[in-house]
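Visitor: In short: position in the sequence shown from 1, add 541, done, that's this note's numbering. For glycine and all other residues, C-beta sits at the position ideal for the given N, C-alpha and C.
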Amino acid sequence: MNTPKLEDIVSLCKRRGFMYQGSEVYGGLAGTWDYGPLGVQLKRNIVNLWWKMFVEDRDDMYGIDAAILMNQKVWQASGHTETFTDPLVECSNCKGRFRADKIDANKCPTCGKEDTFDNPSQFNMMFKTIVGPKFQSWTRKVPGGLEGEVYFKNQYGERETVWKIEDADNELGGMMVYDSNAVSYLRPETAQGIFTNFKNVVDSFYPDLPFGLAQQGKAFRNEISPRDFVFRSREFEQMEIEYFVHPDKWEEAFEVWRKAVWEWCKALGLPETSVHELEVPEEDRAHYSKRTIDFEFDFPIGREELLGLAYRTDFDLGNIQRASGRNMEYRPKDGGEPFVPHVIEPSFGLERTVMAVLTAAYCEDEVNGEKRTYLRLPEHLAPVKYAVSPLLKNKPELVEKAREVYAALKKKYGNVMWDDNGNIGKRYRRQDEIGTPYCITIDFQTLEDSTITLRNRDTTEQTRVEISSL
Ligand code: ATP
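1. Apart from the five residues just before and just after Thr-737, which ones in its own chain have a Cβ nearer than 8 Å to its Cβ?
2. The ligand ATP and Ser-774: does the residue's C-beta get closer than 7 Å to at least one heavy atom of that ligand?
3. Sorry if obvious, but does the Cβ on Phe-838 come closer than 7 Å to a heavy atom of the ligand ATP?
4. Closer than 7 Å: is that where the CB of Gln-663 sits relative to any heavy atom of the ligand ATP?
5. For Asp-973, which of Trp-959, Asn-997, Val-821, Phe-985 has the nearest alpha-carbon?
6. DSSP on Gly-558, reduced to helix/strand/coil?
7. Taking C-beta to C-beta, are Ile-842 and Glu-818 nearer than 8 Å?
8. Would you say the beta carbon of Arg-640 is closer than 7 Å to some non-hydrogen atom of the ligand ATP?
9. Around the Cβ of Ser-930, are there at least 16 other Cβ atoms within 10 angstroms (buried) or fewer (exposed)?
10. Count the other CB atoms within 10 Å of the CB of Asp-857; is the residue buried (16 or more) or exposed (fewer)?
11. Does Leu-713 come out as helix, strand or coil in the three-state DSSP assignment?
12. Please report the straight-line C-alpha distance between Leu-1003 and Pro-729, rounded to a whole angstrom.
13. Does Arg-556 pass the burial test, meaning 16 or more other C-beta atoms within 10 Å, or should it be called exposed?
14. Identify which residue in Thr-626, Asp-960, Asp-999 has its Cα closest to the Cα of Thr-982.
15. In its own chain, which residues sit with a C-beta less than 6 Å from the C-beta of Pro-788, not counting the 5 before and 5 after it?
16. For Ile-671 versus Val-724, is the C-beta distance shorter than 8 Å?
17. Return the residue from the list Arg-844, Arg-775, Gly-890, Phe-880 that minimises the CA-CA distance to Gly-569.
18. Within the same chain, show all residues whose beta-carbon is closer than 8 Å to that of Leu-891, passing over the 5 residues directly before and after it, in chain order.
19. In whole angstroms, what separates the C-alpha of Asp-855 from that of Tyr-871?
20. Tell me the rounded alpha-carbon separation between Gly-810 and Ala-923.
21. With 16 other CB atoms within 10 Å as the buried threshold, where does Phe-836 fall?
22. Should Glu-783 go down as buried or exposed, given a rule of 16 or more other Cβ atoms within 10 Å for buried?
23. Do Thr-735 and Leu-754 have their C-beta atoms within less than 8 Å of each other?
24. Report all residues from its chain with a CB closer than 8 Å to the CB of Pro-661; omit the five preceding and five following residues, and keep chain order.
25. Rounded to the nearest angstrom, what separates Cys-980 and Met-958 at their Cα positions?
26. Gln-733: buried (16+ other C-beta within 10 angstroms of its C-beta) or exposed?
27. Comparing alpha-carbon positions, which option in Glu-548, Phe-559, Glu-813 lies nearest Val-524?
28. Tell me Cys-632's beta-bridge partners as DSSP assigns them.
29. Between Arg-893 and the ligand ATP, is the CB less than 7 Å from at least one heavy atom?
30. Which runs of the alpha helix (DSSP H) fall wholly inside the segment 879-966 and span at least 4 residues, in chain order?
31. Given a threshold of 16 other Cβ atoms within 10 Å of its Cβ, counted over all protein chains shown, does Thr-814 qualify as buried or as exposed?
32. Use the C-beta contact count for Glu-804: other C-beta atoms within 10 angstroms, 16 or more gives buried, fewer gives exposed.
33. I think Arg-638 touches Phe-772, with their Cβ atoms under 8 Å apart; what is that distance to the nearest whole Å?
34. According to the neighbour-count rule (16 or more other Cβ atoms, all chains shown, within 10 Å of its Cβ), is Thr-987 buried or exposed?
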């Protein structure tokens, strides 16, 4: 694979309506991206493929869709409120803030001065929010600052409401006062929505072990330095699977999922030589993991993590059991001893998948002495399957026939585009750029023998075929 430049992909995405910077008209919001008409279709095609491969086509998998806002106890039990942090450093010269493990510790990347960083502080990456209208207010700052909790007692002298006072570092120079029970977080991973529903699904479906739960949806992380297009965003999507196994069987299941991940990469059209396994050493693994393989991809920004495969032991179900007091054991159907299952977790990031698919598909060549850019997307991922054009748009009989073909294909395939802008050569180039596998042109011969010109995106070859064979 010839790795394209990142700016070429970003500019194609913007020009052709795949992705735009979030809130662009107002100058943007760092770490957020909006999907345009073609981007949303590409993303949806990827999600649908994932759901089909890992949920619909299997009988050991169940899908769920949990709420993004969850009880704060979820994040206390999982360790996220304590440990979901990145090391933050501030430059004493220019006040720039950086993730300590991603920079050269001696020299500020913004102002270039050396030895301006203090010891890193731990920055929690969860977006905190207050649920409900109760008790949220801003007050004037108390000189010297004030932090802590205030208790209100009811008529029985019991502590009823706890307000939390936070010395918020905001532009109002104020403090934030809120009911500490109303705190929630935008979920930083979809996994916890799966673990908290483990018992629900077991009770409703009595699945045989091993079995898995799958979820796709938004995740939010207040990344210190969002960068590299959608690669490190503050709002993104994950597609996660928690696969529950007997503790003795985790190694076997890990190997099976490792192969399944390779199958997935193949289905995305990623060249095998551009995907690399990285066995993550113990000191770099998340605290809950006994083994992790990062699947890295040769992105335009270098070799970086595309997805992760982790053995999470019984860490999460064990925590939930302790914190909620609810039993999380699986009761074997053969009457064996109940146990808390262990978990293998393949965790796929959707934005990084979109970026990898675009990287692998981006091609440049020369056609009739002219440079051509095209996306060699696998047919099942292409946002537009067919583009239909009349050869000339001022000939009503051609337009009418083309509309007829367009309507029939659209009914059958859905994602079919009508394109009568500019001359036929321009239309082909435009469709090449968005990865449309086939262009169909209706000309005068069509009116006589019901054949059309079918043009292939990759070879640019044109063949005459019967309309009925499409
Ligand atoms: P990194 O080390 O790059 O920060 P991570 O190891 O924290 O990533 P995980 O917690 O394992 O990531 O999340 C699983 C997947 O979610 C990642 O493999 C990636 O595809 C995706 N992901 C994580 N953080 C982001 C982000 N900020 N923007 C886009 N995708 C992300």
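Guide: Looking at the coordinates:
1. Around Thr-737: Ala-607, Met-611, Val-615, Ile-861.
2. Checking every heavy atom of the ligand ATP against the Cβ of Ser-774, one is found closer than 7 Å.
3. Not so, every heavy atom of the ligand ATP lies at least 7 Å from the Cβ.
4. No.
5. The candidate whose alpha carbon is nearest that of Asp-973 is Asn-997.
6. Reduced to three states, the DSSP call for Gly-558 is coil.
7. Taking the C-beta atoms as reference points, Glu-818 is found no nearer than 8 Å to Ile-842.
8. In this structure, Arg-640 has its CB at a distance of at least 7 Å from all heavy atoms of the ligand ATP.
9. Buried, since its Cβ has 16 or more Cβ neighbours within 10 Å.
10. Around the C-beta of Asp-857, 16 or more other C-beta atoms lie within 10 Å, and the residue is accordingly described as buried.
11. For Leu-713, the predicted model reports a pLDDT of 49, less than 50, meaning its position is unreliable; a value from the coordinates is still stated below. Coil at Leu-713, not helix or strand.
12. The question names Leu, yet the displayed sequence has Gln at residue 1003. Across the structure, Gln-1003 and Pro-729 are spaced so that their CA atoms are roughly 49 Å apart.
13. Arg-556 should be labelled exposed.
14. Ranking Thr-626, Asp-960, Asp-999 by Cα distance to Thr-982 puts Asp-960 first.
15. Sequence-distant Cβ neighbours of Pro-788 in its own chain, meaning closer than 6 Å and more than five residues away, are His-883.
16. Yes, Cβ-Cβ distance for Ile-671 and Val-724 is below 8 Å.
17. Closest by C-alpha distance to Gly-569, out of Arg-844, Arg-775, Gly-890, Phe-880, is Arg-775.
18. Excluding sequence neighbours, Leu-891 sits near Lys-584, Ile-587, Val-588, Gln-757, Phe-777, Glu-778, Gln-779, Met-780.
19. One C-alpha to the other measures close to 12 Å.
20. Roughly 11 Å separates the two Cα atoms.
21. Buried, since its Cβ has 16 or more Cβ neighbours within 10 Å.
22. Here Glu-783 is buried: its Cβ has 16 or more other Cβ atoms, across all protein chains shown, within 10 Å.
23. Checking the displayed sequence, the identity of residue 735 turns out to be Ile instead of Thr. In contact: Ile-735 and Leu-754 (Cβ atoms closer than 8 Å).
24. For Pro-661, where only same-chain residues beyond five positions count, the Cβ hits under 8 Å are Pro-628, Leu-629, Val-630, Ala-641.
25. Looking at the two C-alpha atoms, the distance is approximately 9 Å.
26. Answer is buried; the Cβ neighbour count reaches 16.
27. Residue 524 is absent from the model: the chain starts at 542 and stops at 1011.
28. Answer by DSSP bridge pairing, in chain order: Phe-658.
29. True, at least one ligand heavy atom lies under 7 Å from that Cβ.
30. Those alpha helix (DSSP H) runs which fall completely within the segment 879-966 and span 4+ residues are 891-902, 937-954.
31. Exposed, because fewer than 16 other Cβ atoms sit within 10 Å of the Cβ of Thr-814.
32. The C-beta of Glu-804 has fewer than 16 other C-beta atoms within 10 Å across all chains shown, which makes the residue exposed.
33. Between Phe-772 and Arg-638 the Cβ distance is about 19 Å, and since that is not below 8 Å, they are no contact.
34. That one is buried.
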